[in-house]
Every structure is written in structure tokens, then in C-alpha cells.
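Step one of this worksheet: look at the structure below.
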Amino acid sequence: SHDYHFGLEDHEGISELFDCD
Amino acid sequence: ISSSAMTSIQQLKGDLISTGDKPSSNLDTYFKNCTVDPTQDVLKRLETLEKAFSQRFGQAVGPRCVVLGEQRFSLGVRQYYKVMEAMLKSEEKRLSVQNFSKLLNDSTFHTSLLACALEVVMAAYGGVSRYNHGGGDQAETDVCFPWILDVFNLAAFDFYKVIESFIKADPTLSKDIVKHLETCENLIMERIAWRTGSPLFELLRQEHEGGAAEQVETPAS
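Protein chains in written order, with our numbering: chain A, 1 to 21; chain B, 1 to 221.
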């Protein structure tokens, strides 16, 4: 319902972004 | 108060009514599954950040409005717990793990997530002030983004990390709120993340020293 562009790939979640995988 | 601003606040409150101001049983289970239970640190951090938020909100908006700051913080905490639980569910599905000890004991993650939750609440209320005071309310503009980064002493680059996952984790966010978060994202990407002292420079340096084949651009470039 909004136009936000999701840019993260499937292998990138919040864990990877904080180096916690 | 305009009907659109009222709608924005009522929608947010409606979405959060079922979310308590304490971790839900599901979220509590994620905490208990950790190698190191983060519960006490989470509560202690919220207490500290609430003090900082209330004090700075009072300074910006006026001492008689401290109670408004407390209400916003309380809604922000509900939003924080709600999104945290949704993020963990999605990570559990994606990674097939239930122990998120490292992430849930990362203070920067929690502070960024809470800052984003508060920015959502502040954006919803921001509409009230703008419409109510004809756009000239200086006090309210003082608490606009990136005000929250300064209050929580949070690097814009760390705040940036949570935005996309935050939007993904809460499909009930209104179009206006998502647009606001996108504006914050663009501000960080284009300006704030490039200020002196940003952790982005250290990351670029590490990337460069890690033997990356590509030539890393200098910060100036």
C-alpha cells in the first residue's frame, strides 16, 4: 500500500546488519 | 486538530492497543532462549532512555508538556516491543534459529529500534502540531528528526540499519509514516552519515584494509 523500495536481499536481515549472524 | 492528524494518531494507538508496555510472552521466550538473558538490560536501558527523552522533550517543548513526552515515550515502547517481536519471528523463519543472544544483547540495536519506534510516534503527533498551530510551532519542529539521534547519542548510520527491517516488520504503518521514515533514510544517506565521527568511515576503512579488490572511494569523494 506504500511506495517504499525494499532493497535488502533475502540473505540480509537485521542480524547481519548488526553483525550478529 | 485536523481529521488527518487525528486519524494518524488514532490509527497508531489502535494498532498498539493490543501490544502491552511489557514484553509479550512470545518476546519473553526469545529473551529466555538467549545464552545471556537480556531482560534486565532491556528494562534498565528503557529507564535510562526515558529519563533522557523526557528531559530533552521538556526542554524543547516546555516544562508543562513533560506529560506529553511521557505519553509519546510510552507509545514508542509499545511500538518497539511490537516490531522487535515481529523482526525476531521473521529472523527465526529465515535463519531457523531461536537463540538471538548476540543481537538481543546489542545495545546499539535496541537503541536504534527504540529511536525508530519513537520517530514513528513523533511523526504521527507532528501532524497535530503542524495543523493545530498553522505550521509555525517552533517547539514542535525542535523535536523533528534528527533530534532523537542527539537525545539518544545514536549514530545516524546505526539508525539507518533498522529502518528497512522496521517497515517490513510492521505492515500496519500508514503510508505517511513510511514516507516519513523514507525521508529520514534519505537525509542520513545524503548528509548525516557523512559527518565527522560517523562509524561509516571506520567501516569503509576496514573494507579497504580487508583486501577488497575494488578501489574504495575516499570519504571526500
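Positions of the beta carbon are idealized from the N, C-alpha and C atoms, including for glycine.
Going by C-alpha positions, residue 99(B) is about 11 Å away from residue 15(A). Exposure of residue 205(B) is indicated by the presence of fewer than 16 other C-beta atoms within 10 angstroms of its C-beta. Residue 152(B) sits in coil when the DSSP states are folded into three classes, being neither helix nor strand. The beta carbon of residue 110(B) is closer than 7 Å to those of 42 and 45 in its chain, skipping five residues each way along the sequence. Its Cα nearest to that of residue 199(B), the residue 158(B) stands out among 166(B), 158(B) and 124(B).
Taking 8 Å as the cut-off, the beta carbon of residue 113(B) is found closer than this to the beta carbon of residue 83(B). For the stretch 86-117 of chain B, residues whose beta-carbon sits nearer than 8 Å to a beta-carbon of chain A comprise 87, 90, 91, 94, 95, 100, 102, 103, 106, 108 and 109. Against chain A, the beta carbon of residue 182(B) has neighbours under 7 Å at 4, listed in chain order. Distance from residue 121(B) to residue 12(B) at the Cβ level is roughly 7 Å; contact confirmed, criterion being Cβ atoms closer than 8 Å.
By the rule that beta-carbons nearer than 8 Å mark a contact, residue 82(B) does not touch chain A. Exclusion of the five residues before and after residue 56(B) leaves 151 as the residues of its chain whose Cβ lies within less than 6 Å of its Cβ.
Of the other Cβ atoms in all chains shown, 16 or more fall within 10 Å of the Cβ of residue 126(B); this residue is therefore buried.
Beyond the five residues adjoining it in sequence on each side, residue 101(B) comes within less than 7 Å, by CB distance, of 34, 35 and 36 in the same chain, given in chain order.
Between the alpha carbons of residue 195(B) and residue 155(B) lies a distance of about 10 Å. Taking C-alpha positions only, residue 71(B) is separated from residue 118(B) by approximately 11 Å.
At a cut-off of 8 Å between beta-carbon atoms, residue 192(B) makes no contact with chain A.
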